[in-house]
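Visitor: What follows is a single structure, and I will ask about it in a moment.
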Amino acid sequence: MQDDFAEVTHDLILGIDLGTTNSAVGAVESGFPILLADEDGKRITPSAVWFGNGGSMGTAVEVGRKALRRRSADPGRVVTSVKRLMGRRFGEEREFCVPMERAADGSGGLRVLGLSPEEVSAEILKELKRIAEMRLEREATKAVITVPAYFNDAQRAATKRAGELAGLEVVRILSEPTAAALAYGLDKLGEKSRVAVYDLGGGTFDLSVLEMQDGVFQVLATRGDTRLGGDDLDAALARSICAREGIDFDTLEPAARVRLAEEAERMKCRLSETEQEAFRAPFYDGSRSLETIVSRADFEARIKPFIERSITCCRQALADAGVKPEDLQAVILVGGSTRIPAVRRAVAEFFGREPDLSQHPDEAVALGATIQAGVLGGTLRQMVLLDVTPLSLGIETFGGLMNILIPRNTTIPCKAGEMFTNAAAGQSSMRLRVLQGEREMARDNWELGNFEVPFEPAPKGQARVGVQFRIDENGILEVLARDVTTGKDTVVEIRSAAVDVDDEAVGKMVGESVDFAFEDMAERIFTEAKLKAEELLPAVEMALASSGDLVGEAERTEIESAATAVRQALAEGLPNPLKAAVQRLDAATEALAAALVERAMEEAMLKRLG
Ligand code: AMP
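As numbered in my numbering, residues 7 to 616 make up the sequence shown, in order.
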């Protein structure tokens, strides 16, 4: 069948890593996924928001570096790590950079500076949207946003709401390890390949084991520590430097602690390159100053317990996934803190292989989100596609049976077609019911749509209608029905339902197909045998009446008794006896059918000669 569907429209979709410490945004430009830089040329925006004047709506807001700069002067109005609060209820998180209050609306939600976590996150997303629009010089209204693999439904829903508040339609929530694996190009690995994603960022750590299944990464296991990240290393370093100088870090004013931690962070990042570094904090509390030298070895000794905690998580995640380090095809590093040489060494040692360092660890998630956005928007056509059909797609055929055209778990884009015919003579149209599901009978599946396909009237079984299903990279199903005689097409588009089915519904459908497998199969066998019987019985009767002389007595008796057995089995309604009876009738009439064909040929020949 010719491929004459309309071209897919190309959408601009942003890829966004909404991180605990840092965020980034990207888009596909001229076929390449790139991260977009702000006016200062920075591709990473700190996930920090400053709310002037108490944070109620309509007040001054600054995001990113500008917000961080306000931290030492105005620590009570700068919100950082708001991701920790997403989808959380009041009381679930105990510690935060600014006081948390219970929402006044009785919902049990929490507020910081009078705002919900979604509203704060929305400010970060608005800033990313602004950067993207400035760079791309066009409006951006859609995004793929990443979340940790361990985020539950409430946390994912809150992330989606944050996007909407920022004026972005969230076309997909993607898990961070999957995004990272995409950025590292690991989707090119074969089926059943397994990879580990070690993600040590500013505030959190997690290790995920992924497996490629039917072209999509599945998270086999994920373990993490939401209180383990670069910030902890900064605080540990600042604390130990203070202790060395006889200062009690924990009793300092918040602003002084912020100053010292910021200097510790600067020094930490430098120590990833150098062997020793100066720590300088002049007038950190307004009057005192601190200056000292720290070696990389000192730093490594200080952070060893943190690295060990991360390795414990790795061990647990591998055990959960039932995978040994040697079963992995790759280990990738994500998160700015994996730039620390001691972290890289520990990972290499535990997994028994060098981690892949081909991508910027702090940009990999955003890059992966951008790749996914490009695939969904149709701007990255060459990529291996990640989506699969969660359930089978097909149409209803004779007898109310489900006829599958695209089986469940087929990688999209894809297409499949089949030829159908008319059930009755003189029929001039047929109703095509597009179905989704795993059950044998049409009525037990979901109907995605139905439409009338006109065709030239023809004797029973002679009309030819080609039906083709095609799912594009956006998950849009197009159904094309063509009357082969006239070449006339009927095309119907079914949006998104073919691919976007929630996991629970998929689970229910698949579960039912297993629960009812026996009954379903029996009904299919019966229906198919009945259709065959209904075709065979009148044909046999006619043949015996007109050409009964062609077979011997014994054969005739067998045909008649086989036909009686079919009628009886039909009346009894039992699938396997009916199937057997139909097969017997089919076999019994074989010689008669052959003789009929022979006679017809002879007659045709005589006619031609005469
Ligand atoms: P992320 O959340 O992935 O953006 O990671 C941010 C964390 O990475 C912060 O704690 C940074 O201090 C840390 N980080 C960034 N660059 C480096 C570096 N070169 N060496 C050590 N830590 C770094």
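Just so it is clear, CB atoms sit at the ideal spot from N, CA and C, and this is done for glycine as well.
#1: Are the Cβ atoms of L174 and A146 separated by less than 9 Å?
#2: Could you tell me the boundaries of the beta strand (DSSP E) in which N456 lies?
#3: Would you say the beta carbon of N409 comes nearer than 8 Å to a heavy atom of the ligand AMP?
#4: Could you check whether V440 and L454 sit closer than 9 Å to each other, using their CB atoms as the reference points?
#5: Helix, strand or coil for P637? Go by DSSP, reduced to three states.
#6: In chain order, what residues of the same chain have a beta carbon less than 6 Å from the beta carbon of T152, not counting five sequence neighbours either side?
#7: Decide if R117 is buried, meaning its Cβ has at least 16 other Cβ atoms within 10 Å, or exposed.
#8: With DSSP run on the structure shown, which of helix, strand or coil describes V329?
#9: Just checking L277 against the ligand AMP - is the residue's beta carbon closer than 8 Å to any of the ligand's heavy atoms?
#10: Closest to N582 by CA distance: which of R530, G554, A551, K613 is it?
#11: Kindly indicate which three-state DSSP category T165 falls into: helix, strand or coil?
#12: Give me whichever residues DSSP pairs with E402 in a beta bridge.
#13: Should P367 be counted as a contact of the ligand AMP given a C-beta to heavy atom distance under 8 Å?
#14: So what's D509 in DSSP terms, helix, strand or just coil?
#15: For C420, does the three-state DSSP call read helix, strand or coil?
#16: Which word fits A600, buried or exposed, when buried means at least 16 other C-beta atoms lie within 10 angstroms of its C-beta?
#17: What residues match up with Y204 in a beta bridge as DSSP calls it?
#18: For R501 and L483, what's the separation of their Cα atoms in angstroms?
#19: Run the CB neighbour count on P288, radius 10 Å, all protein chains shown included, and call it buried at 16 or more, exposed below.
#20: Does DSSP put I482 in a helix, in a strand, or in coil?
#21: Does the pairing of the segment 219-234 with the segment 326-338 give three or more beta-carbon distances under 8 Å?
#22: Leaving out five residues on either side along the sequence, give the residues of the same chain with a beta carbon under 6 Å from the beta carbon of T637.
#23: Looking only at its own chain, which residues have a Cβ that is under 6 Å from the Cβ of M7, when we skip the five neighbours before and after it?
#24: Quick check: does the Cβ of I50 come within less than 8 Å of any heavy atom belonging to the ligand AMP?
#25: May I ask you to list the residues that DSSP assigns as paired with V471?
#26: I'd like the span of the alpha helix (DSSP H) that includes L382, first residue to last.
#27: Within this structure, are the beta carbons of N451 and G400 separated by less than 9 Å?
#28: Measure the C-alpha to C-alpha separation of A593 and A528 and round it to an integer number of angstroms.
#29: Sorted by chain position, which residues of the same chain lie with C-beta nearer than 8 Å to G579's C-beta, five sequence neighbours on each side aside?
#30: Expressed to the nearest angstrom, what Euclidean distance is found between the alpha-carbon atoms of I130 and S199?
#31: To the nearest angstrom, how far is the alpha carbon of K494 from that of L334?
#32: Within its chain, find whatever has a CB closer than 6 Å to the CB of G467; leave out the 5 residues flanking it on each side and keep chain order.
#33: Does S29 come out as helix, strand or coil in the three-state DSSP assignment?
#34: How is L195 classed by DSSP in three states: helix, strand or coil?
#35: Can you list, in chain order, the stretches of the alpha helix (DSSP H) that have 4 or more residues and sit fully within the segment 42-118?
#36: Measuring only the C-alpha atoms, how far is W56 from E124?
Guide: Checking against the coordinates, here is how it stands:
#1: yes
#2: 452-460
#3: no
#4: yes
#5: With the chain running from 7 to 616 in the structure shown, residue 637 is simply not present.
#6: D23, L180, E182, A185, V371, A375
#7: buried
#8: coil
#9: yes
#10: R530
#11: helix
#12: M408
#13: yes
#14: helix
#15: strand
#16: exposed
#17: L213, L339
#18: 6 Å
#19: exposed
#20: coil
#21: yes
#22: With the chain covering only 7 through 616, there is no way to say anything about residue 637.
#23: Confidence is the limiting factor: at M7 the pLDDT is only 32, short of 50, which leaves the residue's position unreliable, though a coordinate-based value still follows. Around M7: G423, G472, Q474.
#24: yes
#25: F426, D489
#26: 370-383
#27: yes
#28: 23 Å
#29: F532
#30: 35 Å
#31: 53 Å
#32: T427
#33: strand
#34: coil
#35: 71-75
#36: 15 Å
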